[in-house]
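Q: Numbering (UniProt numbering), first residue to last: 1 to 195. First, the structure itself, so that you have it in front of you.
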Amino acid sequence: MNVSQTMPTEESLTCLRIKLYHPDQAVEALYQHLPLNRHHKMNAEDPVRLGRDGQTCSFVLNDLRISRKQISFFAYRKTGSTDLHFTVQNISQRGKIIVNGCELGYLERVDLEDKALLRFGKYEMLVFREPGEAQDSFEVLFQKQNIPPSREMGMDIPCTLAVMDTGVRNYHNGELVSQEPLESDETVPVLVLTV
């Protein structure tokens with residue numbers, strides 16, 4: 001067998017594996033625009049944007065309750081290392097994201113651990129970084145999860161932050177007044193009533 005010495009060796013790609021969960025995913029087609037269970041190759045310098053706007057986001061959730069631009073993942077390398085790592089940034093002007101218990105406001109970002117739990121609205125995302133050799137590209141793999149990732153990680157506390165942050169958190173008997181995301185159209189004013 002004659003093998004060419006000039007043929008480039010194929011490097012394994014770092015994989016950003018994202019397991020998605022929403023309590024209504026069985027009755028709503030929330031993930032119909034995502035390439036579920038298919039590896040999607042990305043250039044390392046390109047961000048992975050997730051939201052409801054197909055014009056500005058590389059991956060789209062079919063849900064009017066989330067922001068047009070919700071989350072962005074960026075690949076980076078640490079000085080002196082060849083491994084790709086990721087940061088996550090909240091790109092929603094009206095909502096917060098919880099990353100391993102840390103709340104991120106608009107344009108705030110944090111480095112992702114090799115396994116991280118992200119939550120916004122009723123969504124939960126379990127994100128894994130699977131190391132690879134390639135430095136100029138990586139792949140994204142979206143998968144649907146049937147149980148809340150918070151339960152898998154021993155953090156089985158429902159996320160009660162609404163997608164739209166009104167600047168006021170209203171509680172009644174220790175509970176958040178509405179656990180539903182409040183954002184449906186960014187031009188509609190919001191009125192929060194307490195009983």
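Ideal placement from N, C-alpha and C gives every residue a C-beta, glycine not left out. Because the structure is a prediction, the values reported are computed rather than measured.
VAL88: which of TYR31, GLN70, PHE74 sits nearest, CA to CA?
A: Nearest option by C-alpha distance: PHE74.
Q: Are the beta-carbon atoms of GLY105 and SER67 separated by less than 7 Å?
A: Not in contact: GLY105 and SER67 (Cβ atoms no closer than 7 Å).
Q: Using a Cβ-Cβ cut-off of 7 Å (strictly less than) and excluding sequence neighbours within five positions of GLU133, which residues of its own chain qualify?
A: Excluding residues within five positions, the ones whose Cβ falls inside 7 Å are GLU11, SER12.
Q: Just the Cα atoms here: how many angstroms apart are GLN32 and MET42?
A: The alpha-carbon atoms of GLN32 and MET42 are separated by roughly 20 Å.
Q: Taking C-alpha atoms, which residue in GLU108, ILE91, GLU124, ASN100 lies nearest to ASP114?
A: Cα-wise, what sits closest to ASP114 is ASN100.
Q: DSSP three-state label for GLU152, please.
A: Note: GLU152 maps to helix in three-state DSSP.
Q: LEU20 by DSSP, collapsed to three states: which one?
A: LEU20 falls in the strand class under three-state DSSP.
Q: Expressed to the nearest angstrom, what Euclidean distance is found between the alpha-carbon atoms of PRO158 and TYR123?
A: Model confidence at PRO158 stands at a pLDDT of 49, short of 50, so the residue's coordinates are unreliable; what they give is reported in the following sentence. About 10 Å.
Q: Let me check one thing: in DSSP terms, what residues is ASN43 bridge-paired to?
A: Note: ASN43 sits in a beta bridge opposite SER137.
Q: For HIS22, which residues in the same chain have their Cβ closer than 7 Å to its Cβ, ignoring the five residues on either side in sequence?
A: For HIS22, where only same-chain residues beyond five positions count, the Cβ hits under 7 Å are LEU30, LYS122, TYR123.
Q: Can you give the Cα-Cα distance for ALA44 and LEU20, rounded to whole angstroms?
A: Distance between the alpha carbons of ALA44 and LEU20 is about 22 Å.
Q: Which parts of the stretch 27-106 are runs of the beta strand (DSSP E), unbroken and 3 residues or longer, counting only runs that do not cross its ends?
A: You should have 40-43, 48-51, 71-77, 84-90, 97-99, 102-104.
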